[in-house]
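J.: Position 62, counted from 1, in the sequence shown is what our numbering calls 347; the numbers after and before it change by one each time, with no gaps. Each residue gets a CB set at the ideal place from its N, CA and C atoms; glycine is no exception. On a predicted model such as this, the values are computed, not experimentally measured, just so you know.
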Amino acid sequence: MNHYTWTYVGDAGRSYRVGLMYSPRAGHLLIYIGSKIVQVDFKVFESKEYTFFIEEELIHIKLERRGDEMFFFFNIDKKADTPRNRVRHAIEHKHFIHLLIFLGVLGLLVTGMVFLGRNAKKSETQRIEDALAKGSQEAVGRVFVKKIDANRSEISYQFVAGTQTITSQSLLQSEPLILMVNPMPLEPGDEFRVQFSPKKPHINQMLFSEPTPKQIEVYKQRTIAKHKGLNPNAPPGMTECFVQTAYEHDSLRALADIYFQDTKPGYNLEHNIETYAKLTANKGFLSKMEEKCGHLKPIQ
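(1) Exposed or buried, which one is tyrosine 552 when buried takes at least 16 other CB atoms within 10 Å?
(2) Are the Cβ atoms of aspartate 475 and valine 428 separated by less than 7 Å?
(3) Would you list the residues sitting across from asparagine 489 in a DSSP beta bridge?
(4) What three-state label does DSSP hand proline 309 in the structure shown?
(5) Flag this pair as touching only if the region 329–341 and the region 287–306 have three or more C-beta atom pairs under 8 Å; answer yes or no.
(6) When the Cα of tyrosine 544 is compared with those of Glu414, Ile558, His534, which residue comes out closest?
(7) Might you give, ordered along the chain, the residues of its own chain that have their beta carbon closer than 8 Å to the beta carbon of threonine 450, omitting 5 neighbours on each side?
(8) Does DSSP put arginine 299 in a helix, a strand or coil?
(9) In its own chain, which residues sit with a C-beta less than 6 Å from the C-beta of lysine 432, not counting the 5 before and 5 after it?
(10) What does glycine 474 pair with, by DSSP beta-bridge criteria?
(11) Which term fits glutamine 411, buried or exposed, when burial requires 16 or more other beta carbons within 10 angstroms of its beta carbon?
(12) Would you call the CB atoms of glutamine 480 and glutamate 423 closer than 7 Å?
(13) For the ligand HEM, I want to know if serine 421 counts as a neighbour, meaning its beta carbon is within less than 6 Å of at least one of the ligand's heavy atoms.
(14) Would you call histidine 556 buried or exposed, if buried means 16 or more other Cβ atoms sit within 10 Å of its Cβ?
(15) Ignoring anything shorter than 3 residues, give me the beta strand (DSSP E) runs that lie fully in the region 329–392, in order along the chain.
(16) Can you tell me which residues form a DSSP beta bridge with leucine 314?
(17) Report the residue from Glu377, Leu417, Gly420, Pro486 whose alpha carbon sits nearest the alpha carbon of alanine 446.
(18) Do phenylalanine 493 and asparagine 467 have their C-beta atoms within less than 7 Å of each other?
(19) Can you give, in chain order, each stretch of the alpha helix (DSSP H) that sits fully within the region 483–565 and has at least 4 residues?
(20) Between the alpha carbons of glutamate 495 and methionine 469, how many angstroms are there, rounded?
(21) Roughly how many angstroms separate the alpha carbons of glutamate 334 and histidine 580, rounded to a whole number?
(22) Sorted by chain position, which residues of the same chain lie with C-beta nearer than 6 Å to isoleucine 318's C-beta, five sequence neighbours on each side aside?
(23) Between the C-alpha atoms of serine 421 and glutamine 454, what's the straight-line distance to the nearest angstrom?
Structure, rendered in structure tokens:
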């Protein structure tokens, strides 16, 4: 379950918290402002854009599909024909005339350079992807999580490139730490593959969708501990067999169904009480359980 938030500050200084929740597996999407839901959509798997007003400002939230990942962008539309933009354009026009009077040709030149530079500028993510596409190496990266407050944490990661130890910039993430491309919660010390440029190791990206084999075993142990805590009367060895069989059945998605078995759908749309019930009622999974774990059942 992916959750993004932005803050828009209006003319009077009032702040609006805009949030987006997206399920990459089911494609379900919800956009809200404060406590008000403004958009609900289903089965969104390709690039798409949503528009709405905050006060008199036209807002765009854009979903952009890049390969297996979905990226999210929040933009204020300053070009559309709206009452706010007509006022804005009138003020900008007046300032532009004054600028021409005082700066003349130099003002036009600077404006042109800024305009061209703005259009040519690429996003940080796109620049990294372009650089890595020309040639990259891989390493194992370890996650660091620094708690900011009850609702926010800073995430960074560290890896070794040759003789250098590289630490990424910190990213602010809202709680809970559930990744868009990985259904299991993120915890300090988790390990994933990292791509980096051999010549410029500071150009890198962590592939959260590709945990290391060691990390997968860590996920299994966390899931076993969670399930035992919720099901203390299971026969000896049954929980371990149950979790291993679930992983073989549907990889990390099944582990997440077990891990979040006591979680309501409102907290996690992708993995919750309902998805756990579907897993444990799946005929294919039950057949595997009988085959691999049937000997662990108590004798009737």
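T.: Reading from the atomic positions:
(1) exposed
(2) yes
(3) Phe481
(4) coil
(5) yes
(6) Ile558
(7) Gln443, Phe444
(8) coil
(9) Ser438
(10) Looking at the DSSP assignment, glycine 474 forms no beta bridge with any residue, so it has no partner.
(11) exposed
(12) yes
(13) Absence of the ligand HEM is noted for the structure shown, with no ligands found whatsoever.
(14) buried
(15) 333–339, 342–351, 354–361
(16) Tyr307, Asp326
(17) Pro486
(18) yes
(19) 498–515, 523–544
(20) 12 Å
(21) 53 Å
(22) Tyr301, Val303
(23) 19 Å
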